[in-house]
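Let me begin by presenting the structure, written as structure tokens, before commenting on it.
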Amino acid sequence: MLLHYLKIVIRSILREKMYSVISIFGLGIGVICSLLFLVWLRYELSYDNFYKKAPYIYRVMEVEQKEGRLNYNIRIKEQALETLKETFPQVEQVTYIRKEWMTLVNVEGNSVYAAFCNTNKSFFDIFDFKFIEGSAENAFNTPGAAVISTKVARVLFGNTPAFGKQFSAGVNSNYTVTGVAEIPENTHISFDALAIGPGFNHNVAYMLVNKNAKFTDDIRIQMSGIPATINKNSKAKLIFQPLRDMHLHSDEDSFSDSNFGNMQYIIIFMIAALLILIIAIINYVNIATARSANKAKEVGVRKVLGASRSQLVYRFLSESLVISFISVVIAFCLIEFLLPFFGSIIGTHITFHYDLGTIAIAVGICLFTGLLSGSYAAFYMSSLNPIIALKGISGTGSKEGLRKILLGAQFSLSIIIMLCTLIVYRQLNYVMNTDLGFDRANVLKLNTSLWYNCEDFQNELEKNPDIISTTMASGAPFNVEWGYSNVSWANNPNGTLDMKFYQLCSDYRFAKTFGMEVAEGRYIQPGWSWWQDADEESVSLVINETFKKYMGVDDPIGMEINYMMGKGKIIGVVKDFHFRPFKEAISPLIISYNPEVTANMYIKVSSDNVQNTIKYIEDTYNKFKKDGTLQKNRPFMLTFLEDEYRDMYKNEFRLMKILGIFAIISLFISCMGVVSMVSFMVERRSKEIAIRKINGAQMSDIMHLFVREFAILVCISAIIASPVTLYLVSSWLDTFVYRVSISPLIFIIVVIFVLLITILTLSTQIYRAARRNPVISLRNE
Amino acid sequence: MIRTINLTKIFRTEEVETTALNEVNLKVNEREFLAIMGPSGCGKSTLLNILGLLDNPTNGELYFLGHEVARYKESERTHLRKANIGFVFQSFNLIDELTVFENVELPLLYMKVPAGERKKKVNEALERMGITLRAKHFPQQLSGGQQQRVAIARAVVVKPKLILADEPTGNLDSANGAEVMRLLHDLNGEGTTIVMVTHSEENADEAHRIVRMLDGKILTESIKKNIV
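Residue numbers (the working numbering), protein chains in the order written: chain A, 1157 to 1937; chain B, 241 to 468.
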């Protein structure tokens, strides 16, 4: 019987080619979308899940409640880890990893700028890596031993074995390779080179809990009291995050690298992918319903000949399953080609394996799509009375209503996705083009290791007329990352204020380079040897207007401030600027001079001759490298500041790109829905068209007849889509403090656009039908 | 074989109530060839559908092979129908996606007959109808007469006790119509009971008995021949 069904399904696919292509193509697109996102979801869920002891590994962090929110600290003292291990028998092993970017050089002088990590001896007892050379057991048995990644081994030693070979890291540190390990992409425990070394209280800490021990809440509470940071006054408690939760369930300030996942976005994308699949399924159901009139005779004959209802259900489900199977096969053929493109959009490199999990995903999608798309036709058709079925059911009445509802649902979903895309685009446009209070255009960022004596280099650069200004700073003015709290000043009635504020360090050229306005007093001055005016003992501070507002004084110049880093004296006030992403309101800021942390050089250039200017910067850099002013093996790392700004909103850009693609796809599938629906309507109403023509209707009258119906449908769909969109985008926009307003004009534009596309799609078909000789249509009747 | 007592069928829509059969009393004997005649809308096809267990009557009793089946559920009717009744329609009702062979094979599939036996039975039926050479063709590739012969092959392949034919020659030219009547006649000669709805007096004359209907009632019955 199965063979019989397969035969009839394949023949009917071949017989009704247009409908089959629309069905398969539509479902194929839906399947590809959901498949890509499921593969991605699987990849995201696989993060740090492959370690054999993963269920028993925890990241140790500190958390403190401040200003109504939880502040995380991931830097844990090594001593605290040792105390944990000694005090609690549940803790089997503890380790840490401290990452520092530096240049690794081998004996021949081959070098690579890489993540060099310090850890303790327990590292490989907790985390198992695949060793290509050497072994985990003997990795750290000798002093100066280091395990390197296969990537670094290839750069430093080519295809020759790396084991036993030497390299240096940073200044005067030599290491011998005792192992080469493969580092998977889906882990946060990554390193390029790993050696035993101190964490300097600047490490990410992990612990392994004995798998037989009960790691209860009581024990967690006891463990959380261990003091863990340098700050003795801290009220922070230790918390223990399961390793497998790290990637997708971490708060933003508990990231140690930028590859952390975002569960919220994954959910949004999964829902969007599912919606695309549903739009495609609706398309199939719509076509299947339209064709039900043709299939009715078959149902009648089968029922007369003794088919039971369940046999008829199987008959139609087998059809939808075959079509969904073909779609899945097409999707699998295409996925290898689409993955790199998809990876570039979502910003992750995903590889695709044909394993059990993939097969399960394929079978799952095939069954879900096949059963959902086929069940309406299956249950409806099998319930038909054989006598009525044999007479042939006409496609009038409630089923046309149903098809319209389904098409309307497609339109609504497409309109929702389109509107969301446009509003995300508008917000990003706002983010990119709003005046931040400084000028970031044509600024290059040079990653240097310079601390002192960089002025010679700066002066040399500024000799080029295309280089307008240079400055050294701890970071870009739009993304100041160092946050503190607890600040007090003289005569403050509230004493010490538990106020969150940020700090930025820069040289005296910063305000000029970024075009910042000093509202009161002065900025950091040239000629300072350390952090202060030569005649002062306290740190000279420049604050922003918001800081001043918090202080509540008219003239803060000369006032002294006490904060964690010590004492400071206010010398100036700068106008407020957006030094954090638009998701945060402008908060208090302190700017000071500290050449030990200002390792980034920002170079403002003219917009002409940028390539030549870059060449000039590189040449000058190399010249100074030869002089010994610059670290010898450090590569030339020049980037555009605009890229860093864009990167700050990479999640949002990703959202926009994916929604944009979804919007095009959903509109395209909906148009296919229009094609199938119109061709069916034209077929069914050919007699009506003929009679109208005989009675004097013009082409435009016939067009109007159909266009009106679809126009009403699009408008109703838009009305339904609007509140849903409004809710969705409002909740997204709420994550921004500075945001665009939602203009009703966007809604109108989208509706007109969808309307135009729909009319364009249906007019060609109706034009053909309306031109047909009415006599032929009537003869066919 | 079949007996109806006060068989009534009323069709109801929201606005109209139509009495298609009004207390019909009819008996069909085994091996009989019965023709039902009457103007359009008199209830012939409704009666045929109920006799063929495709539909239930609204009122009255229906005996088929000794069972009272008027209140049978659809699944029970299906079960009884597929082993005992074959249908021939005016519009042939072949499935376009299936070949001649597969169309004839269909009832055997639903009876779960093993593949080897199916092949044998289908070939026998095709041979009997003289369409063996057309076994691999699709219905659209055949003439009307050939299509009706396929439909008859499909009706007889399970060797049913009863064949119900609803204007079997209605869509055929006279030569093909005569051929179809000859086939039905032969089947009846071999013992199959036949009930045929027809507008053609000539075809009706082939039957043992003619029942004439009007407005859902049996008007007259006339015996033409005796059952052999």
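The C-beta atom is built at its ideal place from N, Cα and C for all residues, glycine as well.
How close, in whole Å, do the beta carbons of residue i and residue j come, if the pair is a contact with beta carbons under 8 Å?
i         : j         : result
Asn299/B  : Thr248/B  : 4 Å
Thr244/B  : Ile250/B  : Incorrect: roughly 15 Å between the Cβ atoms, too far for contact.
Phe1356/A : Leu1575/A : Not a contact, Cβ separation roughly 51 Å.
Gln1566/A : Gly1829/A : 5 Å
Gly1503/A : Arg1810/A : 6 Å
Whole angstroms are fine: how far does the CA of residue j sit from the CA of residue i?
i         : j         : result
Lys1849/A : Ala1925/A : 11 Å
Ile1382/A : Leu1884/A : 43 Å
Leu1592/A : Leu1404/A : 31 Å
Asp1612/A : Thr1626/A : 12 Å
Gln1854/A : Arg1927/A : 10 Å
Leu373/B  : Asn363/B  : 10 Å
Ala1675/A : Val1893/A : 24 Å
Tyr1679/A : Ser1748/A : 9 Å
Ala1690/A : Asn1750/A : Note that Ala1690/A scores 45 on pLDDT, short of 50, meaning its location in the model is unreliable; the coordinates nonetheless yield the value given after this. Between Ala1690/A and Asn1750/A, the C-alpha separation is close to 14 Å.
Val264/B  : Gly281/B  : 15 Å
Ser1573/A : Ser1822/A : Rather than Ser, the amino acid found at residue 1573/A in this sequence is Ile. Cα-Cα distance, rounded: 8 Å.
Phe378/B  : Gln386/B  : 11 Å
Hey, does residue i have any beta-carbon neighbour from chain B nearer than 9 Å?
i         : result
Ala1463/A : yes
His1405/A : no
Ser1168/A : yes
Pro1398/A : no
Leu1546/A : yes
Arg1310/A : no
Lys1163/A : yes
Asn1541/A : yes
Val1478/A : no
Met1157/A : yes
Val1580/A : no
Gln1420/A : no
Using 9 Å as the limit for Cβ to Cβ distance, is residue i near chain A?
i        : result
Ile335/B : yes
His319/B : yes
Val268/B : no
Glu257/B : no
Met351/B : yes
Phe329/B : yes
Arg311/B : no
Glu254/B : no
Ser280/B : no
Met241/B : no
Glu407/B : no
By the DSSP assignment, the beta strand (DSSP E) with residue i in it spans what residues?
i         : result
Trp1638/A : Trp1638 to Tyr1640
Met277/B  : Phe273 to Met277
Glu1338/A : Asn1330 to Glu1338
Trp1196/A : Here Trp1196/A belongs to no beta strand (DSSP E); instead the alpha helix (DSSP H) covers Lys1173 to Leu1201.
Val328/B  : Ile325 to Phe329
Cys282/B  : Run containing Cys282/B: none; DSSP gives neither H nor E here.
Cys1661/A : Phe1657 to Cys1661
Arg449/B  : Arg449 to Leu454
Tyr1228/A : Arg1225 to Asn1229
Ile245/B  : Ile242 to Arg252
Glu257/B  : Glu257 to Val268
May I ask which residues mark the beginning and end of the alpha helix (DSSP H) holding residue i?
i         : result
Ile1345/A : Unbroken run through Ile1345/A: none, as it is neither H nor E.
Ala1846/A : Ser1842 to Ile1850
Tyr1536/A : Leu1512 to Ser1538
Ala1755/A : Ala1755/A -> no alpha helix (DSSP H), and no H or E assigned at all.
Inset, instruction - Residues of the segment 419-443 of chain B with a CB closer than 8 Å to any CB of chain A: list them in chain order, please. - result: none
Legend entry - Residues of the segment 1439-1457 of chain A whose Cβ lies closer than 8 Å to any Cβ of chain B, in chain order: Lys1453, Glu1454, Gly1456 and Val1457
Inset, instruction - With 9 Å as the C-beta to C-beta threshold (strictly closer), list the residues of the segment 360-390 of chain B near chain A in chain order. - result: Phe378
Inset, instruction - Quick one: which residues of the segment 1875-1909 of chain A get their C-beta closer than 8 Å to a C-beta of chain B? List them in chain order. - result: none
Legend entry - Cβ-based contacts, 8 Å cut-off: residues of the segment 281-300 of chain B near chain A: Asn289, Gly292, Leu294 and Asp295
Inset, instruction - Give, in chain order, every residue of the segment 1789-1818 of chain A whose Cβ lies closer than 8 Å to some Cβ of chain B. - result: none
Legend entry - Interface residues of the segment 1167-1191 of chain A facing chain B [CB-CB below 7 Å]: Arg1167, Ser1168 and Arg1171
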